[in-house]
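Reading the sequence shown from the start, the letters are residues 1 to 421 in the numbering used here. What follows is a short report on a single structure.
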Amino acid sequence: MRSEKLSLHFALCILHFALLSVPVHASDFRDIHIHGFVSQGWLKTDSNNYLSDTQDGTFQFNEIGINFGSVLSEQLRLGIQLFSRDIGDYYNNDIVLDWAVADYRFSNTWGIKAGKVKMPFGLYNQIRDTDMLRTPILMPSGIYSETRRDYTDAYNGVGVYGSLDVFGAADMNTELFFGTSEISSDGIFFKSDFEKIAKTSSRTLSQYLSYENPNMDTKHVGGGSVSWNTPTDGLKIAFSIMTLGTDISCDLKSSTGITAARFESDNDISSIQVWSMEYSVKGLSVATEWMMMRVRNDVRIHDLSQEGNIITFSNVQRSQSWYLQASYQVNDWLTYGLYYSEYYPNREDKLGKNLVLKGEPDYFAWQKELVPTIRIDIGKNWLIKLEAHFTDGAALVNEFENPDGTERHWTLWAVKTSFNF
């Protein structure tokens, strides 16, 4: 959180001085565009706490954002968005810098971005903050996981983008980026990753261990995307890829309160690939995406009970996910949506046989969801959504949020209202 707050203060200073550095007519308040959104939701599950204490129902599910943008010249644009959200015990409405971008166009076909920039990941990652721009409340979790959002949301660095005509009848957009990313210590990914570390270390050292002094530093993030608006009206085909490297460490404490070990790991997501296709015609929109992720972990556990005893091991895991989604706008105020998604954290063990050998349920090897949504637009700026997730499997359910155990088949109900300006 500290790094996010430092970035927030730095970005505000940069925006302030940039506006002061241009002529008065360009930095006039009337030329600064201000937009924002507020959303409040409710989540309830019949079993399995998911993202928060959902078995009892929770209103700790909201998002608030405000952004400022200005066109300083024909080539240069500046923008910044402040963001706050709450999901159960996570984030707790701390105000953070969501994005802050300086965008310079060298020509009509290419330009450069710098700052904290939304990653071009999949079809919808760059617009997922804005509830008004999509039908579902919770997007397909295998690709747009709320847990994974902490490191696929934005990068701090530089991106180059461009466009060109293809066959003289369509256009192709490309973007390349490189930098670092911030992983919130108040976030779901941070908590769930260290809980898994404690569990793995407990099994390795044959004793109960909990973690303390956790640290997660991003070494680098990079990637790119290409999207093609084909000659067929409404048909888009896209591909995106990213890599991420992190250094992870923590102390491991025994049940007696003594620091028993030190955990260190070099984690490299060597690639996350997403293949995408979207077709829109009149009120109908159909989309499908397929994702493959490869992660390598090089682990060192320093057993402090035996001086000089360092346990090292490496593992490579490949996860896979896909979904098919459709939505239909019946009229100005009513839209129906439906998607089916599948996620496998280890695509080489889709049936969970290896998990059973470790004494874990086989259904941790998959999560399959059928999700219908109803969207009601009360006006141009206000909407209400109703959604159900009929789920088989618990690959994305956190065990530490379910100390009494989990169920294979479960349902999540969601309601959300959003207002934008």
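Note that beta-carbon positions come from the ideal geometry of N, C-alpha and C, so glycine has one too. Everything numeric in this text was worked out from a predicted model, so none of it was measured.
Per-residue burial, residue 410 [other beta carbons within 10 Å of its own, 16 or more giving buried] = Note on residue 410: 16 or more other CB atoms within 10 angstroms of its CB, so buried under the neighbour-count rule.
Express the C-alpha separation of residue 63 and residue 422 in angstroms, rounding to a whole number.
-> Because the chain is modelled from 1 through 421, residue 422 falls outside the range shown and cannot be assessed.
Find out if the Cβ-Cβ distance for the pair residue 155, residue 192 is shorter than 8 angstroms.
-> no
Going by beta carbon distance, what residues of the same chain come within less than 6 angstroms of residue 273, once the five residues before and after it are set aside?
-> 241 and 292
Per DSSP, what kind of secondary structure is residue 124 in: helix, strand or coil?
-> coil
Does the beta-carbon of residue 257 have 16 or more other beta-carbons within 10 angstroms, so that it is buried, or is it exposed?
-> exposed
Report yes or no: do the stretch 269-287 and the stretch 247-257 share at least 3 C-beta pairs separated by less than 8 angstroms?
-> no
So is residue 57 buried or exposed if we call it buried at 16+ other beta carbons inside 10 Å?
-> Burial call: exposed.
According to the Cβ coordinates, are residue 243 and residue 218 closer than 8 angstroms?
-> no
Looking at C-alpha atoms only, which residue of 260, 360 and 49 is the closest neighbour of residue 302?
-> 260
Distance between residue 300 and residue 403 (C-alpha atoms, nearest Å) | 28 angstroms
Taking just the CA atoms, how far does residue 305 sit from residue 324?
-> 51 angstroms
Pair every Cβ in the stretch 326-336 with every Cβ in the stretch 140-148, then say whether three or more of these pairs are closer than 8 angstroms.
-> no
Quick one: residues in its chain with C-beta nearer than 6 angstroms to the C-beta of residue 384, no 5 flanking neighbours on either side, listed in chain order?
-> 376 and 417
Which residues in the same chain have their Cβ closer than 6 angstroms to the Cβ of residue 226, if we skip the five residues on either side of it in sequence?
-> Excluding sequence neighbours, residue 226 sits near 174 and 239.
Measure the CB-CB distance between residue 36 and residue 65 and report whether it falls below 8 angstroms.
-> In contact: residue 36 and residue 65 (Cβ atoms closer than 8 angstroms).
Counting only the same chain and skipping the five closest in sequence on each side, list residues whose C-beta sits under 6 angstroms from that of residue 215.
-> In the same chain as residue 215, and ignoring 5 residues on each side of it, the C-beta atoms closer than 6 angstroms to its own belong to 249, in chain order.
Which full runs of the beta strand (DSSP E) of 3+ residues lie inside the stretch 161-241, going along the chain?
-> 170-180 and 209-229
Quick one: is residue 206 buried, meaning 16 or more other Cβ sit within 10 Å of its Cβ, or exposed?
-> exposed
Delimiting residues of the beta strand (DSSP E) encompassing residue 397 | Element bounds for residue 397: n/a, residue is neither H nor E.
Helix, strand or coil: how does DSSP classify residue 354 here?
-> DSSP places residue 354 within a helical segment (H, G or I) once states are collapsed to three.
Endpoints, the alpha helix (DSSP H) within which residue 150 is located = Unbroken alpha helix (DSSP H) run through residue 150: 149-152.
Which full runs of the beta strand (DSSP E) of 3+ residues lie inside the stretch 301-357, going along the chain?
-> The stretch 301-357 contains these whole beta strand (DSSP E) runs: 309-329 and 334-344.
Is DSSP giving residue 364 helix, strand or coil here?
-> helix
Host beta strand (DSSP E) of residue 105 (start-end) | 96-105
Own chain residues within Cβ distance below 7 angstroms of residue 187, not counting five before or after | 90, 91 and 150
Indicate whether residue 52 and residue 60 have their beta-carbon atoms separated by less than 8 angstroms.
-> For residue 52 and residue 60, yes; Cβs fall inside 8 angstroms.
With DSSP collapsed to three states, give me the class of residue 74.
-> coil
Check: residue 59 C-beta below 7 angstroms from any heavy atom of the ligand PLP | Ligands displayed in this structure: none; no statement on the ligand PLP is therefore possible.
Would you mind sorting residue 479 into buried or exposed? The rule is 16 or more other CB atoms within 10 Å of its CB.
-> Residue numbering for the chain in the displayed model covers 1 to 421; residue 479 lies beyond these limits and cannot be assessed.
Three-state secondary structure assigned by DSSP to residue 24 | With a pLDDT of only 40 at residue 24, under the threshold of 50, the placement of this residue in the model should not be trusted, and no figure is reported.
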